[in-house]
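Student:
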Amino acid sequence: MNKAILILIIMTALLLTACAPGTLRFADKDHPAGFFWGIWHGWIAPVSLIWQLFNSNVRVYESNNVGFLYDLGFYIAVVGGFGGFAFSRKSKCKKD
Numbered sequence: 011m012n013k014a015i016l017i018l019i020i021m022t023a024l025l026l027t028a029c030a031p032g033t034l035r036f037a038d039k040d041h042p043a044g045f046f047w048g049i050w051h052g053w054i055a056p057v058s059l060i061w062q063l064f065n066s067n068v069r070v071y072e073s074n075n076v077g078f079l080y081d082l083g084f085y086i087a088v089v090g091g092f093g094g095f096a097f098s099r100k101s102k103c104k105k106d
């Protein structure tokens, strides 16, 4: 693997986890996570899950949120984001 690609992957992972749930960004109770943060946290949920193994402060789901709208955004991103991988696969047709 090229060294530049490895550095790019590491930098991208750090960038994605900079706004992960459970970090100090949402420590203030006056500024809970909303709908769009729910979407973001749903998209980076797999990365957050792995990062949680190394940092116990990081969570997959932000507990300081606005409620239904955060949940809606989170679930839309999880279902839509993970389901998107199925659409990117090439379908294999059997030729008779």
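Counting with my numbering, you get residues 11 to 106 for the letters of the sequence shown. By construction, the Cβ of each residue, glycine as well, lies at the ideal position given by its N, Cα and C atoms.
1) Check for me: the alpha helix (DSSP H) holding A55 runs from which residue to which?
2) Excluding the five sequence neighbours on either side, which residues of its own chain have a C-beta within less than 6 Å of the C-beta of A43, listed in chain order?
3) By DSSP's criteria, A43 is part of a beta bridge. Which residues make up the other side?
4) Report the rounded CA-to-CA distance for I54 versus N67, giving the unit in angstroms.
5) Can you look up R35 in the DSSP assignment and give me helix, strand or coil?
6) Leaving out five residues before and five after G32 in sequence, what residues of the same chain have Cβ atoms less than 6 Å from its Cβ?
7) Which value, in whole angstroms, describes the spacing of the CA atoms of P25 and V89?
8) How is A87 classed by DSSP in three states: helix, strand or coil?
Tutor: According to the data block:
1) A55 to Q62 is the span of the alpha helix (DSSP H), which, as asked, contains A55.
2) In chain order, F36, E72, N75 and Y80 place their CB closer than 6 Å to the CB of A43, counting only its own chain and leaving out the 5 sequence neighbours on each side.
3) In the DSSP assignment, A43 is bridged to N75.
4) Cα to Cα, I54 sits roughly 16 Å from N67.
5) In the structure shown, R35 sits in a helix (DSSP, three-state: H, G or I).
6) Cβ within range, chain order: N67, V68 and R69.
7) Going by the sequence as given, residue 25 is Leu instead of Pro. One alpha carbon belongs to L25, the other to V89, and they sit about 22 Å apart.
8) In the three-state reduction of the DSSP assignment, A87 falls in the helix class, which pools H, G and I.
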